[in-house]
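Enquirer: First residue of the sequence shown? That's 5 in the working numbering, and the numbers climb one at a time after it.
Even for Gly, the Cβ is constructed at its ideal location relative to N, Cα and C.
The structure under discussion is supplied below as structure tokens; questions concerning it will follow.
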Amino acid sequence: MTEQQQLKQALEALCIWYQKGHRDLPWRRTKEPYPVWISEIMLQQTRVQAVIPYFERFMKALPNVQALAEVPEEQLLKLWEGLGYYTRARSLQKAARLVCEQYHGEMPCTYEKLISLPGIGPYTAGAIASIAGGQKCPAVDGNVLRVVSRLFAREWDIKAQAVKRQAENELREVMPENCPGDCNQALMELGAMVCLPNGAPLCDSCPIAEYCLARERGIQQSLPVKAPKKVRPVENRVVCLLWKDGRIALRKRPGKGLLANLWEFPNFLEGNDLQEQLGVAVTDIKPLRTAKHIFTHLEWHMTGVEAKTEEGGYFTWVSPEQLEHDIALPSAFRVYRTIALQKK
């Protein structure tokens, strides 16, 4: 049997397995492109169980493309608060506005049109086009590459773009014509629930185990081959909860770079003078707990302090109620936001 025949038979068996039963996720109850799009963007870098309440709240507040295009940015970011990677939310809105301008508010379902929209790459375009549009478009991510790596016992570098393109081409050739969306979702489901990334894959529960060369050779846990992770640089920062007349200080981050144009508590590199960095005289300085946040290419190790001032400085002063209901803060500050809200 050739690899192409092996892959074709494996995908057919996988679709039957998926259609017999899979996780009941809210975005799987429709084939409309808008909710599929929102779910796929939310699921980037975020666990499924964490996404569900965000997705349901988002769809209730912004049920269609028009609503997303018109919502004030601060409200959009508040709906996104806690998911992180806020550029995803901003790209959603940019794309929604283009859809309103170019397609009269109707979300397109073809790969070619989808890929041209901000924030939509090959994986997301393939997922939407296959699930909502019925197109034979692979949606290849790390889960899918892991499945294919083990299926053919390939020791390839799954982070290489050439490898991703090869997998896309191979899958496109043999995807079932009548259910490409189910095929993509079945691969995702297998990678999430059976062909696991950490620990032993559940080979005894795998619907395509008979086709898997890695299982046959007993090397499934060593695949895919992973390049050593680069060591992330660490910044030691001081985060300040600064109070004035029952309100807390916030400021906007610069328009470019990390957490661009988002609200934050005043913070600075450890070793600098507190009053000098804040630009106001402070009293009642108290230490707060430490916290850590891991970005893609950077770690923040944070030490908190709380203080009071009688000066306005260059800050925006908000009440705890505003902080809770109106202001979106990056998840890097989640610990200190919780402490601040205890002052309500």
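Excluding the 5 residues preceding and the 5 following Gly-125 in the sequence, name in chain order all residues of the same chain whose CB lies nearer than 8 Å to its CB.
Expert: The residues are Ile-119.
Enquirer: Is Arg-158 buried or exposed, if buried means 16 or more other CB atoms sit within 10 Å of its CB?
Expert: buried
Enquirer: In terms of alpha-carbon separation, which member of Pro-112, Arg-150, Asn-147 and Tyr-127 lies closest to Ala-136?
Expert: When each option's Cα is compared against that of Ala-136, the closest is Pro-112.
Enquirer: Would you kindly check if the distance between the Cβ of Ala-131 and the Cβ of Glu-44 is under 8 Å?
Expert: yes
Enquirer: Let me make sure I understand the geometry here. Which of Gly-308, Gly-317 and Ala-73 has the alpha-carbon closest to that of Leu-282?
Expert: Gly-317
Enquirer: Does the count of Cβ pairs from the segment 15-33 and the segment 185-198 closer than 8 Å reach three?
Expert: yes
Enquirer: Which word fits Glu-237, buried or exposed, when buried means at least 16 other C-beta atoms lie within 10 angstroms of its C-beta?
Expert: Position check: residue 237 holds Pro in this sequence, whereas Glu was assumed. Under a 10 Å Cβ-count criterion, Pro-237 is classified as exposed, with fewer than 16 other Cβ atoms of the shown protein chains found around its own Cβ.
Enquirer: Between the C-alpha atoms of Thr-91 and Glu-174, what's the straight-line distance to the nearest angstrom?
Expert: 32 Å
Enquirer: Can you list, in chain order, the residues of its chain with a C-beta nearer than 6 Å to that of Ala-73? Leave out the 5 residues immediately preceding and following it.
Expert: Ala-100, Arg-101 and Cys-104
Enquirer: Between Lys-347 and the rest of its own chain, which residues show a CB-CB distance below 7 Å, the 5 nearest in sequence each way excluded?
Expert: Pro-324
Enquirer: Taking the alpha carbon of Trp-321 as the reference point, which residue from Ile-252, Thr-307 and Lys-290 has its own alpha carbon closest?
Expert: Ile-252
Enquirer: Taking 8 Å as the limit between beta carbons, can you name the residues of its chain near Arg-176, skipping five residues before and five after?
Expert: Taken in chain order, the residues that qualify are Lys-140, Cys-141 and Pro-142.
Enquirer: Report the three-state DSSP secondary structure of Thr-294 (helix, strand or coil).
Expert: strand
Enquirer: Count the other CB atoms within 10 Å of the CB of Glu-110; is the residue buried (16 or more) or exposed (fewer)?
Expert: exposed
Enquirer: Does the segment 242-259 come close enough to the segment 153-170 to have 3 or more Cβ pairs within less than 8 Å?
Expert: no
Enquirer: Taking the beta strand (DSSP E) that Gly-195 belongs to, which residues open and close that run?
Expert: From DSSP, Gly-195 is part of no beta strand (DSSP E) but of the alpha helix (DSSP H) over 184-197.
Enquirer: Within the same chain, show all residues whose beta-carbon is closer than 6 Å to that of Ala-295, passing over the 5 residues directly before and after it, in chain order.
Expert: Met-306 and Val-339
Enquirer: Considering only the beta carbon of each residue, do Pro-334 and Leu-254 sit closer than 8 Å?
Expert: Not closer than 8 Å, so no.
Enquirer: DSSP three-state call for Val-322: helix, strand or coil?
Expert: strand
Enquirer: Between Ile-56 and Gln-279, what straight-line distance do the alpha-carbon atoms span, to the nearest angstrom?
Expert: 42 Å
Enquirer: Check for me: the beta strand (DSSP E) holding Phe-272 runs from which residue to which?
Expert: Counting along the chain, Phe-272 sits inside the beta strand (DSSP E) bounded by residues 271-273.
Enquirer: Pro-228 and Leu-18 - do their beta-carbons sit closer together than 8 Å?
Expert: No, they are not a contact pair.
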